[in-house]
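In my numbering, the protein residues as written are 14 to 86.
Glycine included, each C-beta is placed from N, C-alpha and C at the ideal position.
Predicted, not measured: the structure shown is a model, and the values here were computed from it.
Read through the structure below, which is laid out as structure tokens, and then see the notes.
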Amino acid sequence: MAEAATVEAREVSKVFFSGSDPVWALDGVSLTLDPGSFTCIVGPSGCGKSTLLRIMGGLEPLTSGEVRRPQSG
Ligand SMILES: Nc1ncnc2c1ncn2[C@@H]1O[C@H](COP(=O)(O)OP(=O)(O)O)[C@@H](O)[C@H]1O
Ligand SMILES: [Mg+2]
């Protein structure tokens, strides 16, 4: 079976707009998840953990930066 691919976030930022007020959920986050590695993302409620994972999983559009998912194999 093919090994899972690395997933890499580069300088990812995310702004939500609730009403007219911008909320910077992420501001230039870079993170590489390598095959076989184990990564914990910790921080207080509202610091952007879920938003980062949703973006890295392709479930949420980002405001700037990029997420790379090179093909494995
Ligand atoms: N869909 C959304 N609309 C507006 N603001 C959001 C939305 N999702 C998250 N946020 C805001 O983005 C910030 C990060 O939230 P979140 O990623 O859920 O944090 P965590 O998972 O670390 O608790 C918070 O200020 C939160 O209120
Ligand atoms: Mg969360």
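My output table needs one value for R67: the three-state DSSP class, helix, strand or coil. Looking up residue 67 in the sequence shown gives position 54. Three-state DSSP puts R67 in a helix.
Neighbouring residues (CB closer than 6 Å to any heavy atom of ligand 2): K62, S63
Could you give the first and the last residue of the continuous beta strand (DSSP E) run that contains D47? As a position in the sequence shown, residue 47 is number 34, starting the count at 1. It is not in any beta strand (DSSP E) - D47 carries neither H nor E in the DSSP assignment.
Residue range of the beta strand (DSSP E) that R81 falls in? Position 68 of the sequence shown holds residue 81. Segment 77-81, the beta strand (DSSP E) holding R81.
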